[in-house]
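Data block below; observations after.
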Amino acid sequence: MTDKLHGKNLRIWIFALLGGIVFAAFDRCGYMIQHYGTLWAISENPLHKTIFHRILIRVPLFTAGVLISFLLLNWLRGRSTDSGAGLSKRESQGSTVPQTAMAKSLALCSATQNIPAFIKYWLLYFISFLPAFLGGYPGLFAADAPNQIGWTFSGWLTAHHPLLHTGILCGIFSMTRAFGWSDNTAAALCNVLQMIILAGIFAWISCFLKRKQAPQWLRIGTVLFFCLFPFHGMMAVYTTKDTVFSGVLVLCLLQVICMCSTPEEYFKGWRHTIFAGITFSLLLLLRNNGFHTMLACVPFLLIYLWKYRKKLLVLALGLVLVYGVYNGPFLNVIGAEPGNAREMYNIVIQTLSRTYVAGGDIRPEEMGVIRPVMDEETMALYTPNLSDPVKNQFHTDAFEEEKAEFLKTWFQVGWRNKKIYIDAFLNTTLGFWYPDVEDEYLEFVCFDIQKDDPHYPHVQMEAKSEWLNRYYTAIGTDASFRQIPIVRELLSMGFYFWLLVLASLYLIYQKEYGKLLWVLPLWMYLGTSLLGPAALLRYGYPLMAACPILLFTMWKKEA
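So the sequence shown is numbered by this note's numbering: it starts at 1 and just counts up by one.
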């Protein structure tokens with residue numbers, strides 16, 4: 001028994017140290033990129049001389065943090081087990097379990113007790129979005145939405161943005177214009193629809209936690225998190241595909257958890273498999289990388305759920321069929337132009353451009369291969385945290401003609417300029433993994449572009465509450481929370497990435513390897529996002545929406 005306890009204690013120290021090294025590396029690498037733009041700056045301070053010295057000096061602090069987190073999670077697991085045993089005993093004696101004061105304070109009034117829990121959660125979350133809606137009426141009509149509508153109404157239908165989302169936007173705007181209503185009314189209807197959908201998904205998450213007998217602190221915390229965390233309300237009224245996509249990704253996560261934790265029940269009949277197919281299909285129809293996110297999970301699910309491989313293969317083949325029909329016959333029938341392949345080459349674009357701007361080693365014969373795709377003038381537009389300036393001038397046709405030769409040249413240049421390539425990748429992705437990034441924001445604005453073109457939507461913000469408008473502007477556009485320690489971490493994408501890393505480490509420490517599949521879709525999504533043009537908060541929002549599920553995954557003890 002003593003040897004077993006000693007081994008367990010040694011294991012927690014090993015994983016605490018491993019986690020300490022990982023988080024110290026994220027922290028110091030992020031700091032260097034944030035303040036110097038490179039990992040390789042040399043300091044006169046011997047303790048901070050190189051990036052490796054900086055990481056080493058931070059390891060003890062982060063090791064202690066990981067150790068405390070693991071001990072707290074172990075205590076919460078043990079406490080929930082004890083509570084469950086006590087509950088069973090009291091129930092067998094015919095007694096009732098008293099409701100905690102916090103639970104009572106959050107209970108809905110008695111008049112709603114007969115309404116199903118899902119409807120109550122749904123109404124609660126919808127109401128919690130109203131302050132953001134009233135403060136920024138008709139909502140944040142920004143990002144890609146104006147172009148999606150303007151391009152389509154101008155006669156250019158493109159799959160550059162998801163056609164399902166474009167169709168919903170254009171359908172609502174067409175209807176409201178037919179009735180003679182304003183574009184502001186159309187934008188408001190779009191955002192109310194998003195609020196309804198996102199509130200329903202949040203209600204689904206709360207009901208899932210209740211059904212899985214999650215502890216009361218997690219269920220109450222989830223309600224508070226979904227209602228009070230400001231980015232939920234802002235994303236609910238942000239007319240972008242990322243809002244509904246994020247919610248659907250969390251629903252896909254729940255499907256994976258159910259099929260892995262209770263496969264006998266899940267694969268009994270076809271009902272759950274069909275629902276999973278619909279959910280996964282929505283994911284790929286709402287974001288171009290949704291297909292790759294879920295399909296990449298299939299091999300791992302097949303290995304873990306080999307007994308149910310037939311239904312999983314049917315599910316996977318169904319996804320491939322939907323994706324193939326959507327990107328082939330469907331686009332041809334409606335006359336839509338496929339998206340530009342350059343969206344997949346952001347790493348290539350950023351690394352080569354930075355190498356050129358930094359005066360790296362690019363040989364004349366290599367420049368001869370690169371120039372038809374990205375000339376010197378184009379690469380000079382390099383922006384560390386955004387690939388769009390160069391990407392928009394990237395000649396995809398020339399790239400496709402000499403793809404193999406171009407990629408070979410890219411690799412050769414990178415082999416000689418490894419440090420520059422690393423810096424380029426870290427600068428573009430910084431916001432995803434570093435909680436203290438300074439330029440992370442979610443603008444609380446409306447875009448009114450092409451004001452003289454009647455095909456484009458013309459939406460103006462008309463706040464119904466100046467106080468709420470100032471509050472959300474301070475949170476979003478001004479990012480005032482960056483001045484408040486701890487709060488700035490909680491409101492950053494990087495914090496939720498760190499939570500995902502912590503959850504994965506903890507599951508490995510607990511030897512619950514099968515539960516790594518529960519978080520696999522998030523890892524796959526993040527992997528595809530790191531190939532994107534920038535680290536925007538709306539891209540990282542799925543990790544924020546999935547936060548209660550990550551906590552549930554760590555708390556839930558494997559049977």
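All C-beta atoms, glycine included, are put in the ideal place defined by N, C-alpha and C.
- The alpha helix (DSSP H) runs of length 4 or more contained entirely in the region 14 to 95 are, from start to end of the chain, 51 to 92.
- Positions of the beta strand (DSSP E) runs, each at least 3 residues long and wholly inside the region 151 to 208, cannot be given because no such run exists.
- Secondary structure of Glu402 (DSSP, three-state): coil.
- Within the DSSP bridge table, the entry for Thr383 names Leu386 as partners.
- DSSP places Ala534 within a strand segment (E or B) once states are collapsed to three.
- In chain order, Ala463, Lys464, Ser465, Leu468 place their CB closer than 8 Å to the CB of Leu134, counting only its own chain and leaving out the 5 sequence neighbours on each side.
- Per the C-alpha coordinates, the member of Phe444, Leu381, Leu522, Trp518 positioned closest to Phe432 is Leu522.
- Going by DSSP, Phe245 is part of the alpha helix (DSSP H) stretching over 241 to 261.
- In this structure, the beta-carbon distance from Ser387 to Asn346 falls below 7 Å.
- The Cβ neighbour count for Val256, taken over all protein chains shown within 10 Å, is at least 16; the residue is labelled buried.
- Boundaries for Leu491: no alpha helix (DSSP H) harbours it, and the DSSP string shows neither H nor E there.
- For the pair Phe229 and Tyr125, the CB atoms are not nearer than the 7 Å cut-off.
- Note on Asp452: under 16 other CB atoms within 10 angstroms of its CB, so exposed under the neighbour-count rule.
- Secondary structure of Leu140 (DSSP, three-state): strand.
- Comparing C-alpha distances from Lys556 to each of Lys210, Gly318, Cys190 shows the shortest one belongs to Lys210.
- Taking a C-beta distance under 7 Å as the contact criterion, Ala535 and Thr429 qualify as a contact pair.
- In the three-state reduction of the DSSP assignment, Glu365 falls in the helix class, which pools H, G and I.
- The criterion of a C-beta distance shorter than 7 Å is satisfied by Val237 and Asn191.
- The residues Leu381, Tyr382, Thr383, in chain order, have a CB closer than 8 Å to that of Pro389 in the same chain once the five nearest residues on each side in sequence are set aside.
- In the same chain as Asp242, and ignoring 5 residues on each side of it, the C-beta atoms closer than 7 Å to its own belong to Arg538, Tyr539, Tyr541, in chain order.
- For the pair of segments examined, the region 434 to 445 was found not to touch the region 173 to 183: the number of CB pairs separated by less than 8 Å stays below three.
- Distance from Leu254 to Phe208 at the Cβ level is roughly 6 Å; contact confirmed, criterion being Cβ atoms closer than 8 Å.
- With contacts defined by Cβ atoms closer than 7 Å, Asn340 and Thr396 form a contacting pair.
- Around the beta carbon of Pro435, a 10 Å sphere encloses 16 or more other beta carbons of the protein chains shown; the residue is thus reported as buried.
- In this structure the region 524 to 535 touches the region 285 to 292; the number of beta carbon pairs closer than 8 Å is three or more.
- Collapsing the DSSP output to three states places Tyr308 in a helix.
- Proximity of the region 349 to 362 to the region 408 to 425 meets the contact definition, three or more beta-carbon pairs being nearer than 8 Å.
- When C-alpha distances from Pro138 are compared across His161, Ile149, Cys446, Ala117, the shortest belongs to Cys446.
- Beta-carbon to beta-carbon, Ala214 and Phe552 are separated by about 5 Å, close enough to satisfy the 8 Å threshold.
- Counting only the Cα atoms, Gly476 lies some 22 Å from Trp498.
- Assignment of Glu438 by DSSP, reduced to helix, strand and coil, places it in the coil class.
- A contact is defined here as three or more CB-CB pairs under 8 Å, and the region 262 to 271 fails this definition with respect to the region 217 to 225.
- The beta-carbon separation of Val248 and Ile549, rounded to 14 Å, does not stay under the 8 Å limit for a contact.
- For Val223, the enclosing alpha helix (DSSP H) starts and ends at 216 to 228.
- A distance below 7 Å between beta-carbons, with the five flanking residues on each side excluded, links Thr166 to the following residues of its chain, in chain order: Gln148, Thr152.
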